[in-house]
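Here's the structure, in structure tokens; my notes come after.
There are 2 protein chains.
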Amino acid sequence: MNRRIVIVGGVAGGMSAATRLRRLDEDADIVVLERSGNVSFANCGLPYHVGGVIERRSSLLLQTPESLRTRFGLDVRVRHEVVGIDAAARTVEVRDLDDDTTYVLGYDELVLSPGARPVRPPLPGIERALSLRDVEDADALVAAVAGAHTAVVVGGGFIGIELAENLVHRGIRVALVEATPQVMAPLDPELASLVHDRLKASGVDLRLGSAVASIGSDDVTLADGSVLPADLVVAAIGVRPESGLAKAAGLRIGERGGILVDDRFATSDPHIHAVGDAVEKSDALDGQPALVPLAQTANLQGRLVADAIMGRPVRGRGVLGTAVVGVFGLQVAATGWNEKRLRGAGRSYRVIHTHPADHAGYYPGAVQMALKLLVDPATDRILGAQGVGEAGVDKRIDVIATAMANDVPASGLAELELAYAPQFASAKDPVNMLGWVASDMRDGLVETIQWHEVADAVAAGATVLDVRTEKEHRDESIPGSVLIPLDELRGRLGEVPSGEVVVHCAVGLRGYLATRILEQRRGEGSWTRVRNLDGGMKTWLAGQYAESPSRP
Amino acid sequence: MNRRIVIVGGVAGGMSAATRLRRLDEDADIVVLERSGNVSFANCGLPYHVGGVIERRSSLLLQTPESLRTRFGLDVRVRHEVVGIDAAARTVEVRDLDDDTTYVLGYDELVLSPGARPVRPPLPGIERALSLRDVEDADALVAAVAGAHTAVVVGGGFIGIELAENLVHRGIRVALVEATPQVMAPLDPELASLVHDRLKASGVDLRLGSAVASIGSDDVTLADGSVLPADLVVAAIGVRPESGLAKAAGLRIGERGGILVDDRFATSDPHIHAVGDAVEKSDALDGQPALVPLAQTANLQGRLVADAIMGRPVRGRGVLGTAVVGVFGLQVAATGWNEKRLRGAGRSYRVIHTHPADHAGYYPGAVQMALKLLVDPATDRILGAQGVGEAGVDKRIDVIATAMANDVPASGLAELELAYAPQFASAKDPVNMLGWVASDMRDGLVETIQWHEVADAVAAGATVLDVRTEKEHRDESIPGSVLIPLDELRGRLGEVPSGEVVVHCAVGLRGYLATRILEQRRGEGSWTRVRNLDGGMKTWLAGQYAESPSRP
Ligand SMILES: Cc1cc2nc3c(=O)[nH]c(=O)nc-3n(C[C@H](O)[C@H](O)[C@H](O)COP(=O)(O)OP(=O)(O)OC[C@H]3O[C@@H](n4cnc5c(N)ncnc54)[C@H](O)[C@@H]3O)c2cc1C
Ligand SMILES: Cc1cc2nc3c(=O)[nH]c(=O)nc-3n(C[C@H](O)[C@H](O)[C@H](O)COP(=O)(O)OP(=O)(O)OC[C@H]3O[C@@H](n4cnc5c(N)ncnc54)[C@H](O)[C@@H]3O)c2cc1C
Ligand SMILES: CC(C)(COP(=O)(O)OP(=O)(O)OC[C@H]1O[C@@H](n2cnc3c(N)ncnc32)[C@H](O)[C@@H]1OP(=O)(O)O)[C@@H](O)C(=O)NCCC(=O)NCCS
Ligand SMILES: CC(C)(COP(=O)(O)OP(=O)(O)OC[C@H]1O[C@@H](n2cnc3c(N)ncnc32)[C@H](O)[C@@H]1OP(=O)(O)O)[C@@H](O)C(=O)NCCC(=O)NCCS
């Protein structure tokens, strides 16, 4: 008899495993069991179908049980839920959800790719809140949207934000309620604040640092007592690994609640394998367990587990968690660790903020982005990167993620040979520029100060020296700052404040040039330590808004 | 007295060196000598100014001698040409082009960044042909465009193509004459043919494999006797390193005509340094001398030579020649070696063609690109990549270039963790997909055949098996091919032709699936060797057009 491989979950990880298994073995008996009514659907497209951007529901269904039988000879059973695993007997118990019968199915190898399920907080009225995970959920949302004028989205993660945008796109008045002071946890606050601006400018009623107290029949009450109209409520406060089945079967579960697997995706039972959102990954930076519920990783692991089962060489790698999301025309992307996490872990790091244009400024249509790079000061290793902007952010984060995964040091970014023509990039690409700034810091050519350190420095006696133009200074300036435009600095060294000086400009470039002058002319005045405000006024302002989210 | 550093050429390499030198040394006496009337101009923007896309001439001038004096304390002298170098005396002879006087200027260190000059073939009437290199050239072209209705651009390289597009944009009827059978030498013919299609569809009268015989007062005569109307003629048949001055000074010149430098950019004279288009680089793949006249490299080298002069650690790297150009809405990009060059060098290689979408197909607006990857079969090393498409090509080539420069093997592309959301990429990114195909070939899961090998295989007795649908087969097919749609293949194994089989589909994916079935079912029929047509019908067709450029 042919070897039977049973797969639980027929979407990203599960179906990628199934098709690869077939390519490797025409003879295997491959059964895919899927609880929902569909397989191989585009989870990541669901919010856009709700918003009407992806018009046809059928676009979301990349394959059907029939097409998978025809093309891959797979036995795909939708609305069949695995309700138990007998690891010793190598069987699963399956419930046919249509006729509510159960049966037992034997396997030689079992693959679990059950994904993750939306967290549903135990709030009064939570039953009314919809979640978005599969096609049925999307159908329910589409139906609910039809009659709705107002909506509250609870949770400012990737999915919550995508939903907010898509509901606005449907003409619905949307409030987004987020319990922490910022949306999008992978971003640090001063970058998240750019996303906040965009959400508000797009008409979203953004409620940061707000907890939901209860959900009423047509409204939502927040902990501060305010009441938001809500024909529709969506809960999008994160996902948890769907590891209940594995746990009940006695498989080892990790400290973060995901199924534990080795680097060949075997669980604690050698004939049971697991991949995707349900498993704990190993963090690329510190090797610690990590939950990274992303499609690319699930798909990759699906293919790898097929190879492992077929006895081919396989070795899962640590994950960076590279991700991107669109927010009302903004690209928001990140890879690796952020500053919050580095600080929390007590690691030392350098921070670099830049605001380059996506392509040459002299060519029409260039737009500015905000980039942030985190660097290990001891080793020059890249620890993480984030970007927010209307164009070109995805490219830079992909390049940096590629560099990170292959141990390119931060200063090595300067030497990457990237394609340049004025429509597409700059002759000194934003990625190269991060590398130069990193090397200047490594070499001690400049010392920088972060936006959140300025107030303390000033309190301790430092003076802020603005080296922008008089007009820029007049338009908006850091309170108490002294103006000497960069182009006059060499002639006005006598006016440079004494003691510690924080130099700043708009984005950090002129400030760097001024810092270099002051460093080299130290004997000619009474200034002592000179630090350049990293990211300039732009980052400082974004930081101010981040710290007091109620500001406009 | 302060150390004097004299720089010849005040644009990409030269001015990047000058500003970095100033950042490192406030005291140095830095003199920049520039023959043309401008410094720090955007060479790469010149074609777009000619086309009116970059409307204002001033946008091209990133800095002026005055702004550079004010900001960087540089002594910048435009219309000052260096006409001689006395290396022993450490002086240059300078001609002031305005009053035609000369003077001698001493230096402690000399930096040459004189760039490259357009090749001007010795054709009858060549005096009338304009070239494009500096702002004065652009001014002359703008003036000439004003009265012109017809133009002939000679040369189908990056600049020739950009000029053709921009002249069309000005409403001029443009013929592009290229002596070789294809435009854009960095591309292989089957990718170049996509560019040909776009040029023709955009109204360019494309004359491939055509030599210019002579240039008349209002026309151009080709070697085949045809006469093209030409109010305007532009010569853009490539550039040569501007190494005459260096040669006359007795500096070592390389076999390719560029100035020879070591990996700290010193010439054969230790006080004379050189960077940019004028120098020979070392090829990243084989370490051989290479001419790579690109802005990013010139800028990078400019910064590195400043560091070298200041005694800082510097080590120039080999170059890949990563480049991109826009062609009437297409992005055309490449890095590393192409197949022509690998074949010419007698190196063995594997070829992979794919046709992925720039982002998820289920999200609106996805467009297909053509990608080509070249791999060393012995080591799995990436040798080069090319791409043509309307979106997302620049990103993929940048990621691959980053991987190449850091010795990521071809199959390692599969594991790069790239950012995915449906607007920006696919969960299996095109770069990942290239990695998978490369690993399948490495592992012997599939044997492929190239578009240009099919005819010979058929002549030797192979049968072409089309596994697309009946409709696709009817619309356009490879002559003599037999149809068995993939989804019927398992049931119709008895109909598979005997002997050698070339399987094909539209892009290679279904062909790969069919190949896997036939490989595993070999005993069940009389077929022998099975090969998948790499890149499918799309690449095969592009190849046919490339071989007979006169086809529509
Ligand atoms: C709305 C939304 C948007 C997203 N957007 C993005 C994005 O832009 N980029 C990105 O990288 N990722 C995105 N993701 C995440 C991505 O979809 C997941 O990381 C990926 O699908 C995980 O793959 P998986 O195979 O682990 O789980 P899933 O794809 O979720 O598949 C698991 C399947 O298993 C089934 N199942 C569970 N338990 C059982 C059982 N006991 N018996 C039978 N079947 C069972 C479930 O019904 C489910 O269909 C998004 C997810 C959602 C929900
Ligand atoms: C029209 C055009 C489009 C281009 N597009 C792109 C593109 O999209 N992407 C890309 O990567 N590259 C592009 N390039 C190439 C890029 O501009 C060059 O690689 C880069 O400018 C080389 O820098 P460089 O410093 O070596 O020489 P240049 O920037 O050319 O500067 C050399 C300068 O030296 C001066 N000079 C020469 N001899 C003397 C002398 N004896 N005395 C005084 N001065 C002297 C010249 O007048 C010239 O201004 C383009 C070039 C052109 C002309
Ligand atoms: C649709 C689905 C079944 C496809 O799985 P798949 O067959 O592994 O993926 P693809 O169709 O992209 O094919 C990839 C295979 O074709 C090969 N291939 C791709 N392009 C090729 C080409 N041009 N020439 C030759 N082979 C090619 C790849 O190497 C790979 O084969 P391998 O794994 O044996 O190396 C699965 O991805 C799925 O269910 N997806 C939907 C769910 C999902 O991903 N959700 C989250 C994101 S929204
Ligand atoms: C305009 C020109 C003089 C600028 O040269 P430059 O000063 O080296 O370049 P930039 O203005 O981009 O500044 C780069 C410097 O600022 C630093 N920098 C950039 N952004 C920064 C930021 N946000 N914070 C701190 N420092 C920053 C970089 O590290 C670098 O300094 P370093 O080299 O000492 O490390 C020169 O590029 C030029 O002449 N260009 C036009 C010609 C040309 O390039 N043509 C071909 C392409 S069209």
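If you're matching them up, the sequences are chains U and H in order. The first sequence lines up with residues 1 to 552 when you count with this note's numbering. The second sequence lines up with residues 553 to 1104 when you count with this note's numbering. Glycine included, C-beta positions come from ideal geometry on N, C-alpha and C. These figures come from a predicted structure and were not determined experimentally.
Point to revise | Own chain partners of U:V83 with C-beta closer than 8 Å, once the 5 adjacent residues on each side are dropped | key: Contacts found: E93, V94, R95, T102 and L245.
Point to revise | Closer than 8 Å: U:A248 CB and nearest ligand 2 heavy atom | key: No, the Cβ of U:A248 stays beyond 8 Å of every heavy atom of ligand 2.
Practice item. Verify the CB distance criterion: does U:T463 have a CB-CB separation below 9 Å to chain H? Key: At a cut-off of 9 Å between beta carbons, U:T463 makes no contact with chain H.
Practice item. Use the C-beta contact count for U:M1: other C-beta atoms within 10 angstroms, 16 or more gives buried, fewer gives exposed. Key: By the Cβ neighbour-count rule, U:M1 is exposed, with fewer than 16 other Cβ atoms within 10 Å of its own.
Check your understanding: Hey, is H:G566's beta-carbon within less than 9 Å of any beta-carbon in chain U?
Key -> Chain U places no beta carbon closer than 9 Å to that of H:G566, leaving this residue out of the contacts.
**Study point:** 9 Å Cβ cutoff, U:P422 in contact with chain H
**Key:** Chain H, which has a Cβ nearer than 9 Å to the Cβ of U:P422, makes this yes.
**Study point:** Partners in chain H for U:I382, counting only beta-carbon separations shorter than 8 Å
**Key:** Correct list: empty, because the minimum Cβ distance to chain H is about 12 Å.
Exercise for review: Out of U:Y107, U:P364 and U:L383, state which residue places its alpha-carbon closest to the alpha-carbon of U:K372.
Suggested key: Just measuring C-alpha positions, the residue of U:Y107, U:P364 and U:L383 sitting nearest U:K372 is U:L383.
Check your understanding: Along the stretch 432–461 of chain U, what residues have a CB closer than 9 Å to any CB found in chain H?
Key -> Interface annotation for the stretch 432–461 of chain U against chain H: N432, W436, D440, D443 and L445, criterion Cβ-Cβ distance under 9 Å.
Practice item. Under 7 Å between beta-carbons, which chain U residues line up against H:E578? List them in chain order, please. Key: For H:E578, the residues of chain U that pass the 7 Å Cβ criterion are I517, Q520 and R521, in the order they occur in the chain.
Exercise for review: Find out if the Cβ-Cβ distance for the pair U:H353, U:Q368 is shorter than 9 Å.
Suggested key: In this structure, U:Q368 does not lie closer than 9 Å to U:H353 by Cβ.
**Study point:** U:R71 versus U:H271, U:R20 and U:V327, residue with shortest Cα-Cα distance
**Key:** Among U:H271, U:R20 and U:V327, the Cα nearest to that of U:R71 belongs to U:R20.
Check your understanding: By the criterion of Cβ-Cβ separation under 7 Å, what are the contact partners of H:N851 in chain U?
Key -> Residues of chain U with a Cβ closer than 7 Å to the Cβ of H:N851 are, in chain order, A427 and K428.
Check your understanding: Pick from H:E633, H:T887, H:V1082 and H:P738: whose alpha carbon is nearest that of H:L997?
Key -> Minimum Cα distance to H:L997 is reached at H:V1082.
Practice item. Give the single residue among U:V325, U:R381, U:P364 and U:A366 whose Cα lies nearest to the Cα of U:G336. Key: The residue among U:V325, U:R381, U:P364 and U:A366 with its C-alpha nearest the C-alpha of U:G336 is U:R381.
Check your understanding: Hey, is H:R864 close to ligand 4, as in C-beta under 8 Å from one of its heavy atoms?
Key -> It does not: the Cβ of H:R864 is nowhere closer than 8 Å to a heavy atom of ligand 4.
Review point. Which residues in the same chain have their Cβ closer than 6 Å to the Cβ of H:E730, if we skip the five residues on either side of it in sequence?
Key: Listed in chain order, the non-local C-beta contacts of H:E730 below 6 Å within the same chain comprise G708 and L760, local neighbours out to five positions each way being set aside.
Exercise for review: Go through its chain and collect everything with a Cβ distance to H:A668's Cβ below 7 Å, but skip five positions before and after it.
Suggested key: Excluding sequence neighbours, H:A668 sits near V791, R792, P793, E794, D829, A830 and P845.
Point to revise | H:S1050 burial status per 10 Å Cβ neighbour count (16 or more: buried) | key: H:S1050 comes out exposed.
Point to revise | Status (buried if at least 16 other CB within 10 Å, exposed otherwise) for H:K980 | key: H:K980 is buried by the Cβ-count criterion.
Exercise for review: With a threshold of 16 other CB atoms inside 10 Å of the CB of H:A977, please say whether the residue is buried or exposed.
Suggested key: Result: buried.
**Study point:** Integer Cβ distance of U:V305 from U:V111, believed to fall under 8 Å
**Key:** Confirmed, about 6 Å.
**Study point:** For H:R933, the residue or residues it bridges with in DSSP
**Key:** Note: H:R933 is bridge-paired with H:P961 in the DSSP secondary-structure output.
**Study point:** 6 Å CB neighbourhood of H:L598 in its chain, flanking five on each side removed
**Key:** Annotation for H:L598: L684 and A690 place their beta carbon closer than 6 Å to its own, counting only its chain and skipping 5 residues before and after.
**Study point:** Exposure label - H:A1011; buried when at least 16 CB within 10 Å
**Key:** Around the CB of H:A1011, fewer than 16 other CB atoms lie within 10 Å, so the residue is classed as exposed.
**Study point:** Pair within 9 Å by beta-carbon distance, U:T557 and H:A971
**Key:** Residue coverage of chain U in this structure runs from 1 to 552, which leaves residue 557 of chain U outside it and unanswerable.
Exercise for review: Identify every residue that forms a DSSP beta bridge with H:H905.
Suggested key: By DSSP's assignment, H:H905 forms a beta bridge with H:K924.
Review point. Could you give the C-beta distance for U:A542 and U:S193, rounded to a whole number, given that I count them as a contact under 8 Å?
Key: Going by Cβ atoms, the distance from U:A542 to U:S193 rounds to 5 Å, so yes, they are a contact pair.
Exercise for review: Give a single yes or no on whether H:Y600 has its beta carbon closer than 8 Å to a heavy atom of ligand 4.
Suggested key: H:Y600: no, Cβ never under 8 Å from ligand 4.
Exercise for review: Taking only the alpha-carbon atoms, compute the straight-line gap between U:L489 and U:E519 and give it to the nearest angstrom.
Suggested key: If I take the Cα positions, the gap works out to 13 Å.
Check your understanding: Between U:D100 and U:T91, what straight-line distance do the alpha-carbon atoms span, to the nearest angstrom?
Key -> Whole-angstrom Cα-Cα distance: 19 Å.
Check your understanding: So, is the C-beta of U:A164 closer than 9 Å to a C-beta in chain H?
Key -> Closer than 9 Å: no.
Review point. Using a beta-carbon distance below 9 Å, is U:I30 in contact with chain H?
Key: False, the Cβ-Cβ gap to chain H never drops below 9 Å.
Review point. Counting Cβ pairs, one atom from each stretch, are 3 or more of them under 8 Å apart for the stretch 701–719 of chain H and the stretch 612–619 of chain H?
Key: No: the two stretches stay apart, fewer than three of their Cβ pairs being nearer than 8 Å.
Check your understanding: Of all Cβ atoms in chain H, is any one closer than 9 Å to the Cβ of U:I253?
Key -> It does not; no Cβ of chain H falls within 9 Å.
Check your understanding: Leaving out the 5 sequence neighbours to the left and right, which residues in its chain are closer than 8 Å to H:D757 when beta-carbon positions are compared?
Key -> The answer, listed in chain order, is R725, V726, A727, L728 and L780.
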